[in-house]
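Residue numbers (the numbering used here): 1 to 140.
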């Protein structure tokens, strides 16, 4: 009787050296990027507070704010500040779109493999496209 039973598949953990060759599905990539974007926004929160405070305090501080993105501040050139702001823009957009994706899946119970794949691709494409549009506006 034991010979007629179908063998169950054996699952094993992958080794750290195999991570580069492992093909992560788009939903896994979105999940990892969702966590990275959350950490990035948290770590850059002092920069966001400075941006907001400097831009709305007064006309003089707003001019300092504009000059920072042109001439830079201290050792940081203006293009670097723009790059950091662009990173924040991507982090916010990706985190927002991925969060909406998760809320939609929770609310509608749409947890099929096909929907997960398609919504993950949509999340990646939307966040990158909107970031590119806003990046063009920021740099040019």
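Backbone N, C-alpha and C define an ideal beta-carbon position, used for all residues, glycine too. Treat the numbers as computed from the prediction; the structure is a model and nothing was measured.
From what residue to what residue does the alpha helix (DSSP H) around residue i run?
{"i": "residue 108", "result": "78-108"}
{"i": "residue 136", "result": "113-139"}
{"i": "residue 39", "result": "26-43"}
Taking all protein chains shown into account, do 16 or more other C-beta atoms lie within 10 angstroms of the C-beta of residue i, making it buried, or fewer, making it exposed?
{"i": "residue 108", "result": "exposed"}
{"i": "residue 5", "result": "exposed"}
{"i": "residue 79", "result": "exposed"}
{"i": "residue 23", "result": "exposed"}
{"i": "residue 127", "result": "buried"}
{"i": "residue 110", "result": "exposed"}
{"i": "residue 37", "result": "buried"}
{"i": "residue 101", "result": "buried"}
Go through its chain and collect everything with a Cβ distance to residue i's Cβ below 6 Å, but skip five positions before and after it.
{"i": "residue 88", "result": "44"}
{"i": "residue 116", "result": "27"}
Taking the DSSP output, what are the residues bridged to residue i?
{"i": "residue 73", "result": "76"}
Could you name the residues of the same chain whose beta carbon sits closer than 8 Å to that of residue i, not counting the 5 residues immediately before and after it, in chain order?
{"i": "residue 29", "result": "120, 124"}
Under 8 Å: do the region 86-102 and the region 26-36 share three or more Cβ pairs, one atom per stretch?
Contact holds: three or more Cβ-Cβ distances are below 8 Å.
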